[in-house]
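In my numbering, the protein residues as written are 24 to 276.
Scroll down for the structure; my scribbles are underneath it.
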Amino acid sequence: MASTRLPPSSPTASTTRCCAKSPLPDRPDIAALAVSPHATPAPKRALRIATVHLSLVRTPQLWIRLAHDARRVLAAAFLAAACLGGLVGLAPEARAQGVELPSIAAKRQDGGIVLDFVANLTLSRAVEDALRRGVPVYFVAEAVVKKPRWYWRDDRVSRVSRSWRLSYQPLTSAWRVSLGAFSQSYPSLEEALTTVTRIAHWRVADSDINASDKYYVDFQFYLDSSQLPPPMKLDLNAQSEWKLGVERTLPVD
């Protein structure tokens, strides 16, 4: 019986068939997908990114629009700041406060030294509000007479002070000034302050002053916050409205 012999298989063809790989499909061009209407649908995120990139590259007018938008935003911000500044300017300004010494002099008299001074005192709103609520305020004038010495620190000859108590009486709408045992009422705050801020012929040194020596006076006038009620002393050092005072050094004529 005749056997049928198969033709030998070609090793080259077999190897080629086993090793040959199907070619990988090329990655889709995202730009083409975005432009071509017949392209295969791509993921939404990739398509959106491609569209944005293409719009930025192919439409330079977008940068111009962005610049104009930025200008409008900045202009609106500046306009808002200007309006806010105008509103702040319309707010009531803080009241000027302080103490001035338009007139002060020290001279010899009857073997001693006398001092005259006139001060201009402007109370802050916080101080006046406290007075109208019934809180008394104290003002102090202090004078220290010294004799200069070239070989050592200056000699302190005398030190004197006066303290005024200023208060408001709500029942009578009167302002009261007390100096020691003496007190007097005034119808207005201005008149009461006039009494507090003026002294004539105040004797600041006794008759042991040597006529041949030279002297000078360290003077200060201030609101004494140490005599305020304890609740008001809390954080008082941080409140500039309660810091009222003036200092002056003057020679004795």
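Ideal Cβ placement from N, Cα and C applies to all residues, glycine included.
Check, Outcome
"Assigned secondary structure, Leu113 (DSSP; H/G/I helix, E/B strand, else coil)", "Below a pLDDT of 50, predicted positions are generally treated as unreliable, and Leu113, at 36, falls in that range; no measurement from the model is reported."
"Ala228 beta carbon less than 8 Å from that of Gly135", "yes"
"Local conformation of Pro159 per DSSP, three classes", "coil"
"Nonlocal neighbours in the same chain, by C-beta distance under 7 Å from Val275, ignoring five residues either side", "Ala129, Lys130, Arg131, Ile136, Tyr238, Tyr239 and Val240"
"Rounded straight-line distance, which links the Cα of Lys169 to that of Glu214", "33 Å"
"Segment contact flag, the stretch 186-197 with the stretch 150-161, C-beta cutoff 8 Å, min 3 pairs", "yes"
"Selected residue, minimal CA-CA separation from Leu251, among Leu144, Ala153, Arg148 and Glu123", "Ala153"
"DSSP state of Pro274 mapped onto helix, strand, coil", "strand"
"Start-to-end residues for the alpha helix (DSSP H) that takes in Ala215", "Leu212 to Val219"
"Beta-carbon gap between Ala166 and Val183 smaller than 8 Å", "yes"
"Rounded straight-line distance, which links the Cα of Trp265 to that of Leu246", "8 Å"
"Local Cβ density within 10 Å of Trp175, reported as buried at 16 or more and exposed below that", "exposed"
"One or two residues paired with Glu123 in a DSSP bridge", "Asn143"
"Residue(s) in a DSSP beta bridge with Tyr209", "Trp198"
"Rounded Cβ spacing between Ile127 and Arg271 (contact assumed at less than 8 Å)", "6 Å"
"Cβ-based burial, Trp198 [other Cβ within 10 Å; buried from 16]", "buried"
"One or two residues paired with Ala128 in a DSSP bridge", "Asp139"
"Supposed contact pair Ala142 and Glu123 - C-beta distance, whole angstroms, cut 8 Å", "7 Å"
"Alpha-carbon to alpha-carbon, Asp231 and Thr218", "30 Å"
"Tyr161 Cβ short of 7 Å to the ligand PLP heavy atom set", "For the ligand PLP, the structure offers nothing, since it holds no ligand at all."
"Local conformation of Leu154 per DSSP, three classes", "helix"
"Spatial distance of Ser206 from Lys256 (CA atoms)", "26 Å"
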